[in-house]
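Residue numbers (our numbering), protein chains in the order written: chain A, 13 to 209; chain B, 13 to 209.
Positions of the beta carbon are idealized from the N, C-alpha and C atoms, including for glycine.
From a predicted model like this one, the values you see are computed outputs, not experimental measurements.
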């Protein structure tokens with residue numbers, strides 16, 4: 013296999029470092045200089061790799077979404093039990109990681125809050141990223157509905173979309189509170205009571 | 013009545029302008045210089061008014077929460093119908109305003125996402141701010157439960173807290189999508205289906 017070109021490696025390093033720094037400092041709090049210094053890339057060469065900060069951040073969001081999708085799929089490969097159990101244990105797993113990460117939360121939710129409608133390319137990337145989560149939750153919920161484990165007077169797509177919002181709003185509450193108690197409670201209420209048949 | 017001192021007026025102007033600018037540019041995107049210039053206050057004098065940017069932003073959050081509480085109470089004064097109708101029409105009203113504001117969203121949710129656990133004083137202010145919303149929604153839901161308009165196998169406090177998260181998560185989705193379709197749909201599903209007795 014051909015070795016990847018140096019420019020491709022630099023590009024990937026910038027995306028990886030950008031993702032880490034933006035997760036901590038946000039969009040405006042992460043200067044390009046900060047990323048370039050961390051990647052040991054000369055200041056002037058950023059625009060050889062990306063046409064603008066917005067395009068760069070859209071690529072970071074795509075990279076993050078790909079990672080979320082891969083992790084979700086890897087979890088589904090090994091998860092056992094009915095679809096409701098798989099969903100609940102998946103959320104519990106991510107909540108434990110969140111606690112270990114100092115409540116960094118979700119890059120997509122964080123950027124949606126901070127830069128909102130600023131950039132169409134970032135919006136498109138965030139929309140696709142939310143769909144990575146929703147499509148997988150929807151598939152599990154559809155199975156759960158067929159097994160009569162979830163109410164079916166609301167479509168699986170609507171349930172999944174609602175769970176995305178509960179999850180993202182609950183992550184904001186976890187940041188405010190400095191703990192995940194409310195987020196955990198939300199998941200229990202939604203999965204064990206509100207969505208039960 | 014004694015006239016307010018000039019320093020008090022300047023302090024209030026800084027809070028008001030800071031609130032407006034942070035709603036658009038976020039915490040990191042709003043430099044103190046930007047606010048001081050807008051308020052025509054000399055750069056060096058900021059620390060005569062506030063001990064740090066964090067303390068300043070905590071005061072902005074408190075100011076915003078006071079405003080939200082006052083608006084909620086003014087709405088309750090004139091709102092007609094049962095508590096579920098009052099809640100649904102209240103949300104519809106705010107959604108229409110959101111559309112007119114270019115999806116600015118909620119200052120508390122936006123700052124929670126961006127600065128998260130960065131500052132204990134901001135966290136405390138955001139926690140109190142979320143409670144301004146939750147306590148009023150909870151009171152309406154408690155009334156609705158007594159009138160058998162809402163399910164009562166979950167406490168009104170838990171319902172209100174969940175609705176806060178649905179609302180904040182739905183606001184993030186509105187920013188990503190550039191429209192409020194999903195947010196509107198969430199409110200209908202929660203109020204007309206999931207929380208119905």
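C-alpha distance - residue i paired with residue j, whole-angstrom precision
i	j	result
residue 49 of chain A	residue 41 of chain A	15 Å
residue 132 of chain A	residue 65 of chain A	13 Å
residue 114 of chain B	residue 94 of chain A	42 Å
residue 69 of chain B	residue 154 of chain A	44 Å
residue 63 of chain A	residue 59 of chain B	39 Å
residue 75 of chain B	residue 134 of chain B	12 Å
residue 128 of chain A	residue 187 of chain B	5 Å
residue 130 of chain B	residue 159 of chain A	44 Å
residue 67 of chain A	residue 20 of chain B	44 Å
residue 151 of chain B	residue 108 of chain A	32 Å
residue 112 of chain A	residue 140 of chain A	27 Å
residue 167 of chain A	residue 177 of chain A	16 Å
residue 87 of chain A	residue 98 of chain A	9 Å
residue 25 of chain A	residue 47 of chain A	10 Å
residue 209 of chain A	residue 146 of chain B	27 Å
residue 169 of chain A	residue 148 of chain A	10 Å
residue 198 of chain A	residue 190 of chain A	16 Å
residue 29 of chain A	residue 18 of chain A	16 Å
residue 203 of chain A	residue 100 of chain A	7 Å
residue 23 of chain B	residue 57 of chain B	11 Å
residue 201 of chain B	residue 116 of chain A	29 Å
residue 104 of chain B	residue 85 of chain B	16 Å
residue 31 of chain A	residue 83 of chain B	38 Å
Beta-carbon gap between residue i and residue j smaller than 8 Å
i	j	result
residue 179 of chain B	residue 121 of chain A	no
residue 81 of chain A	residue 144 of chain A	yes
residue 162 of chain A	residue 106 of chain A	no
residue 55 of chain B	residue 45 of chain B	yes
residue 205 of chain A	residue 165 of chain B	yes
residue 118 of chain A	residue 174 of chain A	no
residue 39 of chain A	residue 126 of chain A	yes
residue 195 of chain A	residue 171 of chain A	no
residue 123 of chain A	residue 73 of chain A	yes
residue 185 of chain A	residue 137 of chain B	no
residue 71 of chain B	residue 34 of chain B	no
Cutoff 8 Å: residue i Cβ touching any chain A Cβ
i	result
residue 122 of chain B	yes
residue 160 of chain B	no
residue 139 of chain B	yes
residue 173 of chain B	yes
residue 35 of chain B	no
residue 166 of chain B	yes
residue 157 of chain B	no
residue 153 of chain B	no
residue 52 of chain B	no
residue 192 of chain B	no
residue 56 of chain B	no
residue 119 of chain B	no
With 16 other Cβ atoms within 10 Å as the buried cut-off, status of residue i
i	result
residue 36 of chain A	exposed
residue 193 of chain A	exposed
residue 77 of chain A	buried
residue 90 of chain B	exposed
residue 92 of chain A	exposed
residue 43 of chain B	exposed
residue 156 of chain A	buried
Residue i at chain B interface by Cβ criterion, 8 Å
i	result
residue 126 of chain A	yes
residue 178 of chain A	yes
residue 18 of chain A	no
residue 79 of chain A	no
residue 170 of chain A	yes
residue 47 of chain A	no
residue 40 of chain A	yes
residue 143 of chain A	no
residue 189 of chain A	yes
residue 9 of chain A	Residue 9 of chain A cannot be examined here, being either before or after the span of chain A that is shown, 13 to 209.
residue 73 of chain A	no
residue 99 of chain A	no
residue 201 of chain A	yes
residue 182 of chain A	yes
residue 114 of chain A	yes
residue 206 of chain A	yes
residue 22 of chain A	no
Closer than 7 Å: residue i CB and nearest the ligand FAD heavy atom
i	result
residue 43 of chain A	As presented, the structure is devoid of all ligands, the ligand FAD included, so that no description of it is given.
Would you mind listing the alpha helix (DSSP H) stretches within the segment 169-199 of chain A that are 4+ residues and don't spill past its ends, in chain order? none
Complete beta strand (DSSP E) runs within the segment 67-100 of chain B (minimum length 3 residues, chain order): none
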